[in-house]
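Residue 1 is where the sequence shown starts when you use my numbering, and the numbers rise one by one after that.
Beta carbons: idealized from backbone N, C-alpha and C, even for Gly.
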Amino acid sequence: MTKQLQATLAAILTMSAIAMPAQTSSTVRSKSTTSRKTTKKNAPVESALERQIRELREAMLSQQAQIDALKQQLADRDTKLATASQDAQAANATAAAATAQAQSVSSSVEANTEAVSTLNTTVSDMKGVNTGLMETVMENKKELTEKIESPTTLHYKGVTITPVAFFAFENVYRQRSLNSDVNTPFNSTPFPGAAQAHTSELNFSGRQSRLGGLFEGNTGPFKLSGYFEADFLSAGATSNENQSNSYTLRQRQIWGQVATQSGFTLTGGQMWSLVTETKKSTDNRTENLPMTVDSQYHVGFSWERQPSIRFQQRFTNGLTLAASLEEAEIIYSATNANANFFIGNAGTGGGLFNVTTNYSNNVAPDVIVKATFDPKVGHYEIGGLARFFRDRYYPNQTNVTASAAGAHNDTKTGGGFFANARFPVTQYLDLGAHVLGGTGVGRYGTSTLPDLTVHPDGTLAPIKAYQGLISIEPHPTKKLDLFGYAGAEYAQRTVYLNTIATSANFGKLTGYAPQTSSNAGCNTETLPTSTGNGLAGGAPYNPGTPANCLGATRVVIEGTAGFTYRIHSSPKFGRLQYSAQYSYLTRGAWAGVGATAGSVAAPKATNNMVFTGLRYYIP
């Protein structure tokens, strides 16, 4: 209730309390009077006070009704408030439950959000994986298509086969004829007294074309390899150039190999000698050959291709140690030798050796050891070789009455040391130096100077020999290589005085390049040697050879300059290249006796040679 209403109620109650006695007595009196006078007259007129009281009473009653109504409203309100409170409590409980459910839903939503986020990440990752997988599939498809359409190797079971081949058209011009293909027999360069020293030659050839293949099988613990390589630079007994150039196929290399994961390699077959310089370690097929068109390479280059077995161990610091046992053979030369020994014999037809070629009876293989070092810059080699020479000699052959009694086998040893070094000065220039020297090592030089001679008593005598090569190889562009070489090979004079009184050569010097031998005719040309009957070496294929000219070679020297230009090079289609080479060769002989006018004691032969070659290498 308002303060005004409260004040009004208070006033009404006060007045009522005052008026109640008067009203009561008045009422009593009025009743008695009324009862007495009812019959006599009408009720008196209401006074102003009574009216006010009545109005106040009516107002009070109205206020009381209002109060009662208000109380009822308050009660109703309280009831409603109680109901509302209960509803509120229920609503709070419902809200709490809803909140809990909302929190649960929120947690679920958060979990779902995380799951969705994770799923989105997974989907994104899968998209990336699928994209990468698709790219890989496309690349693999492309690679597989390329391998199918342009395979670099062929496959047979577990073996991969890599073909090796080039096809060549080459030619050589020599100022002084040697009647040779594109390989030059350096030690046969004619002295001025030879008729062929006054005629040149120009020969075309495709015989250096090469066929081969590499076969590889990887078993896991070790790798198996086999390699063969052949060309046509050989001549059979019936070969000629009349029409078909029917030369025999020449075995250059054919070997098998097993390599372990520990760096040990065993190789057996026909291969380049361990003496030959390599580009890496002592690995087969990395031989560092002169870049010449001449298939005999260059004077001063040490090499052989022969049957051998090689043991190789590679270490992690760039060091490799290797040893090989290689086919032995003897190159022999002697003047004034007695016929009291033999080294071997001509080949036997049934034994598949050439019946027109001599073979030595070898007592042991050549033994070669080598160490190579491959640092970050360059390649370096050092090694040694041991050789064993045997003949059978007859001390009583020189007796007045010759006899084979007392025959003995005599074995001599020889050998030497070699070193090779090659390193890049810049990325455009490589330099190399190569030397080999020792006794009985002439065979390992490309000029094939003699290994040994003989004593008057028939025992063998190895000859000291030295060979060396300097190489300069500029690479100005990717397409162009230049090369320059200077090399020499030397054989020492090795002679002995024959003191066997009963020998036909008593008192003469026996051995290689005796000082008493005549070189008087080395510079004097002679007539053709015979009329012949059209056979090989007969007229008109019979140029004159110098008379009275021993001409035992002291040194062979060659200088070369040339280039190789790769016209086209492609890993898919192969390489087409053109090469040209100019070489100047000198052959100097040991001095002998020059008794005639105009003759020289130490003759010299020279030759100018030009080679060109066009080759196509398969990829």
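Within the same chain, Phe373 and Ala421 come within 6 Å of Tyr380 by CB-CB distance, once the 5 residues on both sides are set aside. Note on geometry: alpha-carbon atoms of Arg390 and Ala488 lie some 28 Å from one another. Taking a cut-off of 8 Å for Cβ pairs, the stretch 440 to 452 and the stretch 288 to 303 touch, as three or more such pairs fall below it. Contact annotation: the stretch 533 to 551 does not touch the stretch 278 to 286, with fewer than three C-beta pairs closer than 8 Å. For a cut-off of 8 Å, the C-beta gap from Thr398 to Asn338 is around 6 Å, short enough to register as a contact. By the Cβ-count criterion, Leu352 is exposed, with fewer than 16 other Cβ atoms from all chains shown falling within 10 Å of its own Cβ. Contact check for Ala322 against Leu266 fails: the beta carbons are separated by 8 Å or more.
Judged by DSSP in its simplified three-state form, His198 adopts helix. By the CB criterion at 8 Å, Met609 and Thr292 fall outside the cutoff.
With contacts defined as CB atoms closer than 8 Å, Arg554 and Ala501 fail to qualify as a contacting pair.
Contiguous beta strand (DSSP E) elements confined to the stretch 240 to 291 occur at 250 to 260 and 264 to 272, taking only those with 3 or more residues. Excluding sequence positions up to five before and after Leu527, its CB lies within less than 6 Å of the CB of Gly544, all in the same chain and listed in chain order. Distances from the CA of Leu431 to each of Gly484, Pro456 and Asn409 were compared; the closest alpha carbon is that of Gly484. In the DSSP assignment, Gln208 falls outside any beta strand (DSSP E) and carries neither an H nor an E. Val137 sits in a helix when the DSSP states are folded into three classes. Distance from the CA of Asn240 to the CA of Ser205, rounded to the nearest whole angstrom, comes to 13 Å. Taking 8 Å as the upper bound for CB-CB distance, Asn362 and Thr510 are not in contact here, some 24 Å apart.
Exclusion of the five residues before and after Pro163 leaves Gly213 and Ile618 as the residues of its chain whose Cβ lies within less than 7 Å of its Cβ. Gln253 is not a Cβ neighbour of Phe232, given a cutoff of 8 Å. Under the DSSP assignment, Pro476 falls outside any beta strand (DSSP E); it carries neither an H nor an E label. In the DSSP annotation of this structure, the continuous segment of the beta strand (DSSP E) that includes Ser308 starts and ends at Arg305 to Arg314.
For secondary structure counted as the beta strand (DSSP E) over 3 or more consecutive residues, the stretch 413 to 494 holds these complete runs in sequence order: 429 to 439, 452 to 454, 460 to 462, 464 to 474 and 480 to 491. Collapsing the DSSP output to three states places Phe228 in a strand.
C-alpha of Thr439 to C-alpha of Leu202: approximately 37 Å in a straight line.
Rounded to whole angstroms, the gap between the alpha carbons of Leu460 and Pro290 is 34 Å.
Going by beta carbons, Asn519 and Ala433 fall outside the 8 Å limit. For Leu178, there is no enclosing beta strand (DSSP E), as DSSP gives it neither H nor E. The beta carbon of Leu249 is closer than 7 Å to those of Ala230 and Phe232 in its chain, skipping five residues each way along the sequence.
Your pair Gln261 and Phe186 does not check out as a contact, with CB atoms roughly 44 Å apart and the cut at 8 Å.
In terms of Cα proximity to Gln251, the closest of Gly263, Ala235, Val258 and Gln257 is Ala235. For Asn92, the secondary structure class from DSSP, reduced to helix, strand or coil, is helix. Exposure of Pro151 is indicated by the presence of fewer than 16 other C-beta atoms within 10 angstroms of its C-beta. In terms of CA proximity to Glu525, Ala195 leads the group Ala90, Ala195 and Asp181. Between Ala407 and Arg387, the gap from beta carbon to beta carbon reaches 8 Å or more. The Cβ atoms of Gly458 and Asn340 sit closer than 8 Å to each other. Taken through DSSP and simplified to helix, strand or coil, Lys370 comes out as strand.
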